[in-house]
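Notes follow once the structure below has been shown.
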Amino acid sequence: MIKITLFYLFYFIFCFIGSSMESTVPKRFTRESISIQIDLALRVADKLKKNVYVYDNDEFFATGFEMEIVDNIRVKTKKGSYAVLSQAAQAVFANDQHYRQYADKPLCDNRTGLYVQATSKPANTG
């Protein structure tokens, strides 16, 4: 009887811990993916001294954009704006607030979407 009780106890603990760990893997994966995307956008922003979008609210970058390589990172550019977008994030997240829940760094927002700010702007030589 004790063996059976111990078996069920260990089985319950294993199932609880196993399922608990499995449910955190997708969240951890999502957070890590978003963190990497934001870090790439920050590299581009620092290199270009421009703000860089990481989430596109209104599909501004969906059409009519050009691709550039900046610091070995593929960047969408359109009308003077830049973006390092994740196709998966754009497809999965319903809106910028949903995206922001997984971001580990502060993001700015406007009508177009969420963006990282360049750490310093170019000097005014005018």
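Per UniProt numbering, residue 1 is the first one in the sequence shown, and the count goes up by one each step.
Quick reminder that beta carbons are idealized off the backbone N, C-alpha and C, glycines included.
Please report the distance separating the alpha-carbon of residue i from that of residue j.
| i | j | result |
| --- | --- | --- |
| Asp58 | Phe29 | 26 Å |
| Thr112 | Lys27 | 26 Å |
| Asp39 | Lys79 | 23 Å |
What would DSSP say about residue i, mapped onto helix, strand or coil?
| i | result |
| --- | --- |
| Glu59 | coil |
| Val25 | helix |
| Gly126 | In this prediction, Gly126 has a pLDDT of 37, which is less than 50 and means its spatial position is unreliable; nothing more can be read from the coordinates. |
| Asn110 | coil |
Given that a residue counts as buried once 16 or more other Cβ atoms are within 10 Å of its Cβ, and exposed if not, what is residue i?
| i | result |
| --- | --- |
| Ala89 | buried |
| Lys76 | buried |
| Val44 | buried |
| Lys105 | exposed |
| Asp71 | exposed |
| Val92 | exposed |
Output needed for residue i: all residues of its chain with C-beta closer than 7 Å, excluding positions within five of it in sequence on either side, in chain order.
| i | result |
| --- | --- |
| Asp109 | Asp96 |
| Arg74 | Met67 |
Pull up the CB-CB distance for residue i and residue j, whole angstroms please, since I reckon it's below 8 Å.
| i | j | result |
| --- | --- | --- |
| Phe61 | Leu85 | 6 Å |
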